[in-house]
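Chains as they are written, first to last, in my numbering: chain A, 1 to 421; chain B, 422 to 647.
Just so you know, even glycine gets a beta-carbon here, dropped at the ideal spot from N, CA and C.
Structure first, then comments.
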Amino acid sequence: MTQPPPIPDPALPRPPSPRSPFISALASLRLTITLLALSLPLIFFGTLAQVEQGIWAVMDQYFRTPIAWIDLDVISALLPVTWDWSWAVPYPGGWLIGGVLVINLTAAHVLRFRLAWRKLGMQLIHIGLIILLISELITGLFAVEGQMSIDEGSSSNFVEDIRTFEFAVIDPRHPDDDFVTAFPEALVRRAAGNPAQRLSHEDLPFDIEVLIFLPNSQLVSVPWAPPNTPNPADIGRGLQWVAQPRRTAAGTDTQQSVDVPSAYITIHDKTTGQPLGTYLVSEYFDEQSSPQFVTIADHHWPIALRFKRTYKSYTLHLLDFTHDRYMGTNIPMGFSSRVRLVDPTQGEDRIVLIYMNSPLRYAGDTLFQSSFKSDDSGTVLQVVDNPGWLIPYVSCSMITVGMIYHFVRRLWMSAQGGAHP
Amino acid sequence: MPAGFHHPTGRALILILCALGPLAACEDDQISQYHVPRDPIIGTPHEGHDHSVPPPPNPDAAAVPPMMAPPLDPNVPERTLAAMVEHGPSVWFFKIRGPDAPVASQSQTFESFLRSLQFPPLDDQQSIPPTWALPDGWTQQTGDPGSIRFATITIPNDDAPLELTVVPLSLTAGDVFANVNRWRNELNLEPVTPDQLPAVTQQIIVAGQTITLVNFASGDAPTATP
């Protein structure tokens, strides 16, 4: 004999739905509060770190990473005592906190979603917030930003990211184009001062040992270098110049400057294992007009330490650069670049005027008039390729509409007799 | 096992940490390889957008900014006396360009002027200008604020006075090869290769600094350049 099912008592609260405790935890408000609380120290220390570090280095170390390593040195800036601790402690990074927050918000909505007019405002706000967090992830992972510097009468088909660098080797055995092998910043830093960890690639006939790496440097001509300054270079431009370390640019510097790296590298022949010379490579050297070569088996391989390049399918030719100043002063009034845009892949060939607040949008890139060369001899365009550039506009619009809806609805409900919406 | 591991929130956090852990390995440490076109230089479009005949490439344009060289009468033979010297974070350019004969007559005086250069010790790598002694009759005007010219030195001449310009630029403009070919190009002379540089330039040491000099005339025979 089976028992009839109990009749629910409408006076009692509804029993919890049979949902997994794990899912419930993912959607819990407690997790939201924990994540927000965790983000406070991260933002605090990330801001403090900019006393010593540049903003982009801090972004990478604290925010655009799953695990942030907080330098204990930054704490000493708050205290009257100083110490020489060079320790760093791990802490949830921006991507970890943001990622869990996205999951948390999404889970909460999936579980508690009710199609009701009274919840529409809050839902819009939260969905907008989720989209905003995702857009930051897309920007961090996929956005490429750099500068395109062009002299008047010259052309360029690449952008340079002045926040990071690469060590590039060009294969001279390709007669029709440049075949570039580029070692990224992370590998160069890892190889620095580590003879066992050379930069190597199967296509290159030599390995590169990074003797000394200077993240920010200055070059002093040899006769003017202080006495007894060591100069490891025995070939190339290092015979005329000595690299010296400089403090890396900090986010709090009043005059924002750029770190210009240099390095001393020793080239080793892969076949014989013999060193072929120690070079000074530096972003200061212009690789186009005065390349340094590694000569091996009658081939001259250009090498360069340079800002990281991203090549484009299109080429810009600067026809004319105009820099207007307010009369009688050197204060810039505006600058504009008249360029010829050529893209053989799309059959594009047209003349475009780029000026302040009027960027060129082409092939997913936005090219802003950013700056100009010191003697007005050329233009500097900021080129941003961000597949998620539109998302923050959408998310902020959703949040705004949600807030307005929520506010107006509460106002209306209050006017209707003080009932809670 | 910690009690937190049994708590649903704790388990959720650990699982998410494990799921996002691989992101830590997302550091950009891959060697990249790619082909890029050499010399992506395109010319100014002709009228009617006829791009079939591109202008000759300007290999040093990206490296060396123009120095405001005024165009001279193409029918008059011209000469350029120029020198460049690196000092701290700057490269200093000294240049006289004008009609062949008057400029040629100043070549000895120009070298004497260069030998009078003094280079003050660098102060925290700031660009401290060199000093010099003016030959008899030469007069100097300081460059205007905002102009790239540091100074203009006027040299008396029977017809029209000559100008010696003094321009400091950043080190990126300091490549001898690119500058030599730029100066040659101004006089419609054939460019030289790096191997030919010693034959067309002269180097003098003044106050411990190496100064590179050139003396080109638009009438120089092509054979004059090896």
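Check for me: the alpha helix (DSSP H) holding residue i runs from which residue to which?
i                 : result
Ile103 of chain A : 94-112
Asp73 of chain A  : 73-76
Ala522 of chain B : 521-526
Thr272 of chain A : Taken as a continuous stretch (DSSP letters only), Thr272 of chain A belongs to no alpha helix (DSSP H), as it is neither H nor E.
Pro41 of chain A  : 29-48
Ala415 of chain A : 391-415
Arg190 of chain A : 185-191
Ile23 of chain A  : 21-26
Could you tell me the alpha carbon to alpha carbon distance between residue i and residue j, rounded to whole angstroms?
i                 : j                 : result
Ser280 of chain A : Val258 of chain A : It should be noted that the sequence gives Leu, not Ser, for residue 280 of chain A. About 20 Å.
Leu390 of chain A : Val188 of chain A : 35 Å
Gly128 of chain A : Val110 of chain A : 15 Å
Ala628 of chain B : Ser537 of chain B : 9 Å
Met148 of chain A : His406 of chain A : 45 Å
Gly236 of chain A : Thr266 of chain A : 12 Å
Leu493 of chain B : Glu202 of chain A : Any answer about Leu493 of chain B is weak, because its pLDDT of 45 lies below 50 and its placement is not dependable; what the coordinates show is given next. The alpha-carbon atoms of Leu493 of chain B and Glu202 of chain A are separated by roughly 54 Å.
Tyr311 of chain A : Leu411 of chain A : 55 Å
Ile55 of chain A  : Ile632 of chain B : 40 Å
Thr295 of chain A : Lys270 of chain A : 13 Å
Trp604 of chain B : Gln562 of chain B : 24 Å
Thr366 of chain A : Val159 of chain A : 12 Å
Thr345 of chain A : Ala363 of chain A : 11 Å
Pro550 of chain B : Leu634 of chain B : 19 Å
Ala581 of chain B : Pro520 of chain B : 10 Å
Relative to the ligand ATP, is the shortest distance from any of its heavy atoms to the C-beta of residue i smaller than 6 Å?
i                 : result
Val380 of chain A : With respect to the ligand ATP, the structure offers nothing, as it holds no ligand at all.
Three-state secondary structure (DSSP) at residue i?
i                 : result
Val613 of chain B : coil
His174 of chain A : coil
Gly680 of chain B : Past the edges of chain B, shown from 422 to 647, lies residue 680 of chain B, and the structure says nothing about it.
Ser238 of chain A : The displayed chain sequence assigns Gly, not Ser, to residue 238 of chain A. In this structure, Gly238 of chain A counts as helix in the three-state DSSP scheme.
Arg605 of chain B : helix
Glu507 of chain B : strand
Val512 of chain B : strand
Ser86 of chain A  : coil
Asp450 of chain B : coil
Trp69 of chain A  : strand
Met333 of chain A : strand
Val588 of chain B : strand
Arg325 of chain A : strand
Arg198 of chain A : coil
Could you tell me which chain A residues have their CB closer than 8 Å to the CB of residue i, listed as they occur along the chain?
i                 : result
Gln451 of chain B : Pro184
Gln539 of chain B : Chain A residues near Gln539 of chain B: none, gap ~13 Å exceeds 8 Å.
Could you check whether the Cβ of residue i sits closer than 7 Å to any Cβ belonging to chain A?
i                 : result
Arg603 of chain B : no
Arg459 of chain B : yes
Asn636 of chain B : no
Leu592 of chain B : yes
Starting from the beta carbon of residue i, find every residue of chain B whose beta carbon is closer than 8 Å, and list them in chain order.
i                 : result
Asp178 of chain A : His456, Val457, Pro458, Arg459
Leu187 of chain A : Asp450, Ile452
Leu101 of chain A : Correct list: empty, because the minimum Cβ distance to chain B is about 10 Å.
Tyr311 of chain A : Tyr455, Val457
Leu42 of chain A  : In chain order: nothing, as chain B lies at least about 15 Å away.
Show which residues of chain A have a CB atom less than 9 Å away from the CB atom of residue i.
i                 : result
Leu618 of chain B : Simply none; closest approach about 11 Å.
For the beta strand (DSSP E) holding residue i, just list the boundary residues, first then last.
i                 : result
Ile131 of chain A : Not the beta strand (DSSP E): Ile131 of chain A falls in the alpha helix (DSSP H), residues 120-142.
His456 of chain B : 453-458
Asp638 of chain B : Rather than Asp, the amino acid found at residue 638 of chain B in this sequence is Ala. Per DSSP, Ala638 of chain B belongs to the beta strand (DSSP E) from 630-638.
Pro215 of chain A : Where Pro215 of chain A is concerned, there is no enclosing beta strand (DSSP E), given that its DSSP letter is neither H nor E.
Gly621 of chain B : The question names Gly, yet the displayed sequence has Val at residue 621 of chain B. Careful: Val621 of chain B lies outside any beta strand (DSSP E), inside the alpha helix (DSSP H) at 618-621.
Val383 of chain A : 378-385
Ser370 of chain A : 365-372
Would you say residue i reaches chain B, if we count a Cβ-Cβ gap shorter than 7 Å as a contact?
i                 : result
Tyr326 of chain A : no
Tyr279 of chain A : no
Val401 of chain A : no
Thr229 of chain A : no
Thr32 of chain A  : no
Thr139 of chain A : no
Thr295 of chain A : no
Thr379 of chain A : no
Closer than 7 Å by beta-carbon distance: list the chain B residues that pair up with residue i, in chain order.
i                 : result
His109 of chain A : Here the premise fails: no neighbours, minimum Cβ distance about 16 Å.
His426 of chain A : Shown here, chain A extends from 1 to 421; a query on residue 426 of chain A therefore has no answer.
Thr181 of chain A : Ile452, Gln454
Anything in chain B within Cβ reach of residue i, meaning under 9 Å, just list it in chain order.
i                 : result
Leu105 of chain A : Chain B residues near Leu105 of chain A: none, gap ~13 Å exceeds 9 Å.
Leu129 of chain A : Per Cβ cutoff of 9 Å: no residues; Leu129 of chain A is ~18 Å from chain B at best.
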